[in-house]
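Right, one structure below, let's go through it.
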Amino acid sequence: MGVPFLLAVYYSVSAYTIYDQSWRFVGLANFAQVVRNPVFLETLGNTFLFTFGSQFLGLILGKFGAFLLLRPFPGRGLVRALIVLPWVVPIALATVAWQWMFDSLYSVINWTMIALGIISRSEAPNWLGNPHLAMVCVIVVNAWRFFPFAIVIFLAGITAIPQDVIDAATVDGAGFWRRNYQIILPMILPIMTIGLIFGVVFTFTDLSVVFLLTNGGPVNATSVLGFEGFQVGIVSGDVSHGAAISLFMLPVLFFVVIGMLRFIRRREI
Amino acid sequence: MLNALGKAGREGAFFGAVALFVILAAFPFYWMLITSLKSNSDLYNVTNIPFWFNEPPTFEHFRYLFDETLFARWLLNSLVIGACVVAITLVTAVPAGYSLARLTGRSGEALGIGIFLTYLVPPTLLFLPLSRIVAELGLQNSMWSLVLVYPTFTIPFCSWLLMGFFKTIPVEIEEAAIVDGCSPFGAFIKMVIPLSLPAILTVVIFTFTLTLQEFVYALTFISSSDQKPITLGVATDLIRGDIFFWGEIMAGALIASIPVAIAYNLFLDRFIAGITGGAVK
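The listed protein sequences correspond, in order, to chains A and B. In this text, residue positions in the first sequence follow numbering that gives the first Met the number 0: the first is 0, and each later residue adds one. In this text, residue positions in the second sequence follow numbering that gives the first Met the number 0: the first is 0, and each later residue adds one.
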């Protein structure tokens with residue numbers, strides 16, 4: 000009956016035993032070494048910045064987008080299909096397209112800014128070559144990838160609210176903002192939380208955007224935990240240290256998930 | 000009069016905002032398209048207007064992609080991987096989803112939530128242990144390692160999706176079939192499966208597109224070019240040293256993106272229901 004479930008569990012369990020093996024071999028020495036490495040601390044900071052920056056940006060864009068799509072208008076189906084593109088298309092391929100748009104010499108973004116007279120060619124930013132700009136780039140790409148998902152989640156939540164609840168509030172004299180913040184937002188909070196769980200988890204652990212866009216650079220400026228774990232564990236072949244780095248994601252994920260699940264429960268009662 | 004003007008202004012602002020969102024979302028894909036059709040001399044000239052063709056469009060990049068690179072092979076690899084993973088997922092997720100749906104009480108719910116939580120275990124946490132398993136099975140550098148690994152995330156997701164669907168089928172249908180002389184298994188095969196064909200089709204499409212989208216495991220397990228799936232091949236193999244074959248890369252990305260985008264758009268609502276449905280109830 001639960002064969003497939005057991006299969007999934009089997010994989011996850013055997014995964015953890017391998018972690019356990021390497022643990023037993025070296026004790027906590029790996030972790031101690033990892034924590035002492037300044038690059039790792041930078042990575043950890045980057046991961047949080049990357050996750051919360053892109054989630055925040057994504058949620059704002061998502062809220063506005065959902066607000067626009069809520070109203071029926073001709074061509075809404077097509078608009079929705081286009082707007083969800085960033086989320087449904089393989090992220091690795093979309094990231095490559097962004098990399099081309101950020102290209103140091105042929106960047107279309109720079110070209111537009113030069114054409115509009117905002118900057119001159121000599122001061123055109125090298126998006127992926129400057130540590131701060133590179134971080135902005137990975138955050139923007141990730142927010143770009145996430146915001147259609149946020150839109151869809153908001154829409155699903157809002158359309159599930161019975162119209163008479165909103166009507167009743169309007170009759171009772173609640174204005175637009177009041178309806179928005181005191182009725183709609185609390186009612187879509189559970190579904191928003193689910194969306195945020197996915198967003199945070201996928202962003203916190205993702206490496207494909209960073210790997211393809213900046214390769215962690217320049218000089219580790221955009222390195223995140225997943226990427227660092229990959230570099231150390233697979234590219235350098237130092238499996239135990241890579242595993243130690245990856246494991247730093249676990250407590251964060253754990254607290255995020257537990258906190259959010261409890262939150263949902265409490266709201267349901 | 001002033002009122003009408005105000006209304007027109009609001010309409011304009013509204014559609015302007017919609018247009019802005021569409022451009023924001025879809026511009027990179029337009030960019031893929033136009034890059035893939037431009038000749039190199041047009042692409043690599045900083046004085047040309049980048050948004051339109053300054054020289055006649057060409058299919059040269061597409062020709063090069065199929066004739067001079069392993070692109071066709073990557074396409075085939077992805078199809079084979081996808082088909083195998085779909086088969087494995089169906090064989091396991093259909094009975095799993097069904098039994099979860101029919102399990103009543105706390106244990107069923109707990110198992111359901113357990114499956115929901117397996118979504119949240121990220122590939123970046125598992126790729127190291129899984130890479131050891133793959134190495135021990137002698138599958139490193141082979142696309143079959145992906146056939147082995149992908150079901151670990153497709154099965155939980157599809158079981159969850161199917162569980163929600165099976166719950167909507169009344170138990171009475173099977174009970175009636177059993178009264179009429181069917182075995183419980185027979186009732187499942189003859190009554191439930193035909194009724195759930197739409198859900199099963201959805202699962203097939205999602206599984207397939209999930210395998211097409213995956214990147215982390217493919218990146219970790221496969222380094223020889225002829226074993227790569229399409230996403231990995233396009234993203235990593237069309238770069239020789241420092242030279243990016245942008246026209247070819249964009250052409251490849253476009254070919255790989257279009258079917259996934261269409262499939263997802265058609266089934267988007269069910270996908271959302273699958274993610275949120277069970278958790279929010």
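Ideal Cβ positions, reconstructed from N, Cα and C, are used throughout, including at glycine.
The contact set of ILE248 (chain B) on chain A, defined by CB atoms closer than 8 Å, consists of VAL95, TRP99 in chain order. MET31 (chain B) reaches chain A at LEU92, ALA93, VAL95, ALA96, TRP99, counting residues in chain order whose Cβ is nearer than 9 Å.
Between the alpha carbons of ASN39 (chain B) and THR57 (chain B) lies a gap of roughly 9 Å. Restricting attention to alpha helix (DSSP H) runs no shorter than 4 residues, the stretch 113-158 of chain B encloses them at 122-135, 142-148, ordered along the chain.
By the neighbour-count definition (other C-beta atoms within 10 Å, threshold 16), TYR180 (chain A) is an exposed residue. Taking C-alpha positions only, ILE254 (chain B) is separated from VAL88 (chain A) by approximately 11 Å. Between the beta-carbon of HIS60 (chain B) and that of GLY232 (chain B) there is about 15 Å, and that puts the pair past the 8 Å contact cut. Taking a C-beta distance under 8 Å as the contact criterion, PRO155 (chain B) and ILE112 (chain B) do not qualify as a contact pair. Flagged as an interface residue toward chain B: GLY64 (chain A), by a C-beta distance shorter than 8 Å.
Apart from sequence neighbours up to five positions away, the residues of its chain that approach ALA92 (chain B) with a beta-carbon distance below 7 Å are ILE154, CYS157, SER158, LEU161, VAL202, ordered along the chain.
One Cα belongs to GLY228 (chain A), the other to HIS240 (chain A), and the distance between them is close to 8 Å. Here the alpha carbons of LEU218 (chain B) and LEU127 (chain B) stand approximately 12 Å from one another. Taking every protein chain shown into account, the CB of GLY81 (chain B) has 16 or more other CB atoms within 10 angstroms, so this residue is buried. When the beta-carbon positions are compared, ASN76 (chain B) and MET31 (chain B) stay at least 8 Å from each other. If the five residues before and after VAL133 (chain B) are omitted, its C-beta is found closer than 6 Å to the C-beta atoms of GLN139, SER144, PHE220, all from its own chain and listed in chain order.
Contact check for VAL256 (chain A) and VAL208 (chain A): beta-carbon distance about 22 Å, past the 8 Å limit, so the pair fails to qualify.
Within the stretch 144-221 of chain A, complete alpha helix (DSSP H) segments of at least 4 residues are found at 162-170, 184-204, 207-212, given in chain order. Interface annotation for the stretch 34-61 of chain A against chain B: LEU60, criterion Cβ-Cβ distance under 9 Å.
In the three-state DSSP reduction, ILE33 (chain B) falls in the helix class (H, G or I). In this structure LYS37 (chain B) is buried. Its beta-carbon is surrounded by 16 or more other beta-carbon atoms within 10 angstroms.
Counting the other Cβ atoms within 10 Å of the Cβ of GLU213 (chain B) gives 16 or more, which makes it buried. Taking a contact as a CB-CB distance under 8 Å, the pair THR50 (chain A) and PHE203 (chain A) counts as one, their CB atoms being some 5 Å apart. Using a Cβ distance threshold of 8 Å, GLY52 (chain A) and ILE138 (chain A) count as a contacting pair.
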